[in-house]
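Structure first, then comments.
Residue numbers (this note's numbering): -4 to 378.
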């Protein structure tokens, strides 16, 4: 890797050399990687346009006509379920003057742009344009967006050129069998907006070391942060990594409200440790006996905007349990408690990333997944 592969305004040669060191000697990425608008624009080209990005869970667009708009990177995307049952993706841009054809989420039989009422069917084909019948005959339609699903989550590939999603994640299928073998539905989906860089959210979420301080009264008694470890080799994190947090004696994440239905065939380790898998560049998930929680990082319009989505899914029977409301409330309370506690470090790290006095420090053993992400990130940014 040479310094010429990244603009000189971004990284100095010594910073690149430092990032190439083993985890025991390496330091975190330079602050400019988080704050520089030029870096953010480069990320769009080097990472976000080329990779598979998780955006939502497919059970939220289950019925024909269901749609959701996803705002990501200052762009608007449309995910819709067709009358044929197929899930499709489009750029949410009218082919006339570029207005959005849909907002939010809902159910419809067609999309009508409110500007000049150009109308599209659920396959994205133009079916109406007042006084411009010749345009309809030309076959103009919404621009397709490549999508795929895995573990029930919808992924998008903006440039349409990525390797098949299955080739990226198939190595995880065996360990995920109990969660892959049943259609799961959303228990809750909670978005948490933040005014800081997306990488701060991602890095904070993929390590358990900070639990010893940030989550001292919430997660620390259940899964002590100092016990966090990563099983993924430092030579084998091209598509994903992991981190694991052994439970304290007598602790478990099993549901005690009676509001959920356990999955069949879950391995014994679910009662021994919290296990997280991290799939680059914006997704990770944790596994429990009754559910799975996906965590989606959605970068905004600039380097200081991000939305972090917690999406908890469980068996359809869980949503029919008499005590489901209690179960859902307990799950949401946990999510909001943890995320509220994470706000302070993310806010203050973002502030201090703008200080000339900040010098990145070393990685703790419990931050090895962050080291993996940083190495992966720099490789992508220098390609």
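Backbone N, C-alpha and C define an ideal beta-carbon position, used for all residues, glycine too.
I need the boundaries of the alpha helix (DSSP H) containing residue 32, first residue and last residue. 32 to 38
Can the beta-carbon of residue 82 be found less than 8 Å from the beta-carbon of residue 30? no
Cβ distance (whole Å) where residue 221 is taken to contact residue 364 below 8 Å: So it is not a contact: roughly 15 Å between Cβ atoms.
Collapsed DSSP secondary structure at residue 84 in the structure displayed: In the structure shown, residue 84 sits in a strand (DSSP, three-state: E or B).
Which residues share a DSSP beta bridge with residue 140? 84
CB contact flag (residue 67, residue 293, <8 Å): The answer is yes: Cβ separation under 8 Å.
Rounded to whole angstroms, what is the Cα-Cα separation between residue 123 and residue 94? 16 Å
Buried or exposed, going by whether 16 or more other CB atoms sit within 10 Å of the CB of residue 1? With a pLDDT of only 45 at residue 1, under the threshold of 50, the placement of this residue in the model should not be trusted; the figure read from the coordinates follows. Buried, by the Cβ-count rule.
Per DSSP, which residues does residue 115 bridge with? Please list them. 106 and 121
So what's residue 165 in DSSP terms, helix, strand or just coil? helix
Kindly list the residues whose CB is nearer than 7 Å to the CB of residue 329, restricted to its own chain and excluding five residues on each side of it in sequence; keep chain order. So the list is empty, once near-sequence residues are dropped.
Count Cβ pairs between the stretch 104 to 120 and the stretch 153 to 169 that sit closer than 8 Å; are there 3 or more? no
Going by C-alpha distance, which of 88, 135 and 255 is nearest residue 73? 88
Using the C-alpha atoms, what's the distance from residue 108 back to residue 137? 11 Å
Apart from the five residues just before and just after residue 41, which ones in its own chain have a Cβ nearer than 8 Å to its Cβ? Annotation for residue 41: 375, 376 and 378 place their beta carbon closer than 8 Å to its own, counting only its chain and skipping 5 residues before and after.
Checking 8 Å against the spacing of the C-beta atoms, do residue 235 and residue 160 come in under that value? no
Contacting residues, own chain, Cβ-Cβ under 7 Å from residue 213 (five flanking each side not counted): 332, 333 and 336
Identity of the residues DSSP links to residue 48 by a beta bridge: The bridge partners DSSP lists for residue 48 are 151.
Within 10 Å of its beta-carbon, does residue 128 have 16 or more other beta-carbons around it, so buried, or fewer, so exposed? exposed
Could I get the ranges of all uninterrupted beta strand (DSSP E) runs contained in the stretch 217 to 250, with 3 residues as the minimum, in chain order? 235 to 241
With DSSP as the reference, label residue 0 as helix, strand or coil. In this prediction, residue 0 scores a pLDDT of 48, lower than 50, which makes its location untrustworthy; the coordinate-derived value is nonetheless stated afterwards. Residue state, collapsed to three classes: helix.
Endpoints, alpha helix (DSSP H) assigned at residue 172: 172 to 175
Need the endpoints of the beta strand (DSSP E) that residue 270 sits in, please. 268 to 274
Does residue -3 pass the burial test, meaning 16 or more other C-beta atoms within 10 Å, or should it be called exposed? Below a pLDDT of 50, predicted positions are generally treated as unreliable, and residue -3, at 42, falls in that range; no measurement from the model is reported.
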